[in-house]
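The opening residue of the sequence shown carries number 1 in our numbering; numbering runs sequentially from there. C-beta atoms are modelled at their ideal positions from N, C-alpha and C, and glycine is treated no differently. Have a look at the structure below, then the notes.
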Amino acid sequence: MTAPSAPWTVPVLSYPWPEAVSPLEHDEALRREELSWLAEFYAELPAADRERYGRQGLSLGAAAMFPYVGDLARMRPIARYMLWLAIWDDHHESGTAAELTAVCDRAVEIMRGAEPAADEAGPLRLLAVLRRELGDLPGFWTDRWIASFRACATHGLLAEAPFRQGLRRMPALAGLELIREYSIGLYPFFHMTDAARGRVLPDDLYHHPAVQRSLALLCRICTLQNDLYSLRKELDAPTSDLFNAVLLLQRERGGSLTEAITEVVAHHDRYVRELDSLLRHLSDLDPRLAAARPYVEQTTLIITGIDRWYRSPGTGRYRPDGFAQEVPRGAALPG
């Protein structure tokens, strides 16, 4: 897509929650490890894509999202999972339902503790390593992690497929947001909060409607945040992402890019206000939710941390030399 001639800018987003800076956000040892993971587990990717992912600094993004984890050993599986999820999303959004289902099923087996064969795809071996590093978490936690992963694959990537393939007309913003709530991939990543905290939120609190609404709002905030920060990349790319909310609104309304940006920011801010209100009144809804408040507060750090990471000059996630190229249909996909 050709960039518009009229000047435009994405405003700095703001959040009402405390912001913390991780001691690992600029850790060179963690960066070196990430580059070694790319070399060891993603050898089947083109060298140019491995270099691009290396410039993104995904491990430092994970550190920014979990600023209360100052120990490299505890951060390592979270950073590995950040890398795994990012590449999973980039390389499976154009896959067929059969391809995605098969690789999803095998990933789930490994998440449950199965060991990959020595000749299996590198990403599956990386998933097995991080699963072992997460330690002995209760079975109900694993069930939640897997259910979230499957939901993102089914209601996210698989739901996007017919639109990306031109088989259906693009949905309005409300429909797009419902799909993107899952395809952004945050639901399974939220479970790293339990591993980072060293304690697991009980099942009854995790499944409480107020906690589930909080997590849904966080996903929606993150998708709009992502669409704003990736806008320059989309405009500079030969073909833009159909699922970018700014570009969808501009096409729907026929207005300027600045008008679409303003509307998306306002939408983002409404979700932020709802989440902040919900967080402040959790105990009013149910006294038991006082015990869930620290969990939800720590998930808000994922949003403020990734916002800081997007704005950091240290990440190339959405710079032309950082984002991975689109995978052609029919190309071999990493596990």
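>> Helix, strand or coil for V21? Go by DSSP, reduced to three states.
In response: coil
> Whole beta strand (DSSP E) runs in the segment 70-95 with 3 or more residues, listed along the chain?
Replying inline: none
> Just reading off the alpha helix (DSSP H) that P294 is part of, what are its end residues?
Replying inline: 293-311
> Taking just the CA atoms, how far does M75 sit from E252?
Replying inline: 42 Å
> Can you give the Cα-Cα distance for G185 and L249, rounded to whole angstroms?
Replying inline: 22 Å
> Taking C-alpha atoms, which residue in D269, L289, C219 lies nearest to T299?
Replying inline: C219
> Grouping DSSP H, G and I as helix and E and B as strand, with all else coil, what is V103?
Replying inline: helix
> Would DSSP call T9 helix, strand or coil?
Replying inline: coil
>> At the level of alpha carbons, what is the spacing between L38 and I221?
In response: 29 Å
> In chain order, what residues of the same chain have a beta carbon less than 6 Å from the beta carbon of C104, not counting five sequence neighbours either side?
Replying inline: A153
>> Looking at Y310: is its Cβ nearer than 9 Å to the Cβ of Q225?
In response: yes
> Quick one: Cα of L124 to Cα of L178, how far?
Replying inline: 28 Å
> When DSSP labels each residue in this structure, what does P202 get in the three-state scheme?
Replying inline: coil
> If you drop the 5 nearest sequence neighbours on each side, which residues of the same chain put their C-beta closer than 6 Å to that of Q325?
Replying inline: Since pLDDT at Q325 reaches only 45, below the 50 mark, its modelled position is unreliable, and the value read off the structure follows with that caveat. So the list is empty, once near-sequence residues are dropped.
>> Assuming contact is defined by CB atoms lying nearer than 9 Å, are L127 and P116 in contact in what I supplied?
In response: yes
>> Check for me: the alpha helix (DSSP H) holding Y229 runs from which residue to which?
In response: 209-229
>> Please return the same chain residues whose Cβ sits closer than 6 Å to the Cβ of I306, not counting the five positions on each side in sequence.
In response: M65
> Does the pairing of the segment 46-53 with the segment 280-296 give three or more beta-carbon distances under 8 Å?
Replying inline: no
> Using DSSP with H/G/I as helix, E/B as strand and the rest coil, what is R131?
Replying inline: helix
>> To the nearest angstrom, how far is the alpha carbon of V327 from that of L45?
In response: Because the pLDDT of V327 is 37, which lies under 50, any placement of that residue in the model is unreliable, and the question is left without a value.
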